[in-house]
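Below is one structure, written out as structure tokens; the observations come after it.
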Amino acid sequence: MVINMGLLIEIVKFIIFSIIIVLISKLILVKLLRKIAEILDLSPKSVGNVAGFATSMPELLTVFFSSMQGLYGTSMYNIISSNVINFIQYIWSIIINKNGKVLRNRALKIELGMCVITILIPILMLTFNIEANLTVVPIFVLLFILLYYIKGNAYKIYKISEISHEETKKIEEEKKWVKNKQKLAIISFAKLLAVGIILFWVGNALGDTLDILSNAFNIEQAVIGIILGFVTSIPELITFIEAQKHHGRNTNDTQGVIEATSNLFASNMLNLFIIESIGIITYLIFI
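This is the structure:
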């Protein structure tokens, strides 16, 4: 009975910490990113990249702290499930917003193809039992740079248009920069730092709970990692949908799809090549 009660307590803690990460990401992080994007006048592609990096923060935290606890298997399954779920959520958001026609552009097809690669690589690593070692890290970093280079050239070659000339002119005429723009930017970035610190603290607590669940109660790392993948992918779903709704109100579906696709690409790329590299390094340091 004591063991069962202890297990119940840890599961409740796991749920609470996971919900906190998701709520902070949804209610604060996403809105803060949108505000920073508006202040800095970022393009839809840049906004998607920033959103992708930010919404990968839950994965960064869970991978870092689970690896620190020696649960490398958990981190790998977390990345796989996150990237798969991200891709499914992205397709679903395209369908419900009826933006499938935009995906006919070859640049977006290439970008989505590379997102599929970020799913296949970790699956192959687990299939062939490739262990965590430092030789994987530079390979991941090089692949990260290479795929981003391919994406940039694809956008240039196929000349995907984020916004028409008429829309650009209209926005320039209607845009009114506030006098305290610099002050707003500083405040927003300070808030972003504060959110990062809070998420870091919650992630640390979640890592301790993961360690207890895995070691004390013999719950498989794969199970924990897959559950984490579902939890940490919720912020991406929110940003995928909101990006298309936001630009849909401005009657430009292409911008919303570009932002959502860049978000997916950045998130999956960061999850596999950068965050997993951090997980490998952390695991090797603390084992």
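Mapped onto my numbering, the consecutive letters of the sequence shown carry residue numbers 764 to 1050. Heads up, the beta-carbon is just placed ideally off N, CA and C, and yes, glycines get one too. As the structure is a prediction and not an experimental result, all values here were calculated from the model.
Pick from the options that is closest to residue i, judged by C-alpha positions
i, options, result
"I1041", "F828, S788, I772", "F828"
"Q1018", "S1030, N1031, I1004", "I1004"
"G836", "T818, A800, I949, A985", "A985"
"M877", "L1047, F1036, I1044, T1045", "F1036"
"N860", "L1033, K944, L1000", "L1000"
"A800", "V813, I791, S788, L790", "V813"
"G970", "S830, K808, L803, V793", "S830"
C-beta atoms of residue i and residue j nearer than 9 angstroms
i, j, result
"N862", "Q1007", "yes"
"I1038", "S819", "yes"
"L866", "V1020", "yes"
"F1049", "Q852", "no"
"L824", "N967", "yes"
"G815", "S951", "no"
"I802", "L955", "no"
"L875", "T1024", "yes"
Three-state secondary structure assigned by DSSP to residue i
i, result
"D804", "coil"
"I934", "Annotation note: pLDDT 49 at I934 (below 50); position unreliable, coordinate value reported separately. Helix."
"T890", "helix"
"S996", "coil"
"V941", "Residue confidence is low: V941 scores 49 on pLDDT, short of 50, so the model does not pin down where it sits. No coordinate-derived value is stated."
"T1002", "helix"
"G811", "helix"
"S838", "helix"
"Y853", "helix"
"S845", "helix"
"E983", "coil"
"K861", "coil"
"L897", "coil"
Whole-angstrom C-beta distance between residue j and residue i, which should lie under 8 angstroms
i, j, result
"G811", "E1022", "4 angstroms"
"L795", "V900", "With a Cβ gap of about 31 angstroms, L795 and V900 do not count as contacting."
Cβ pair count under 8 angstroms reaching 3, the segment 841 to 854 against the segment 980 to 999:
yes
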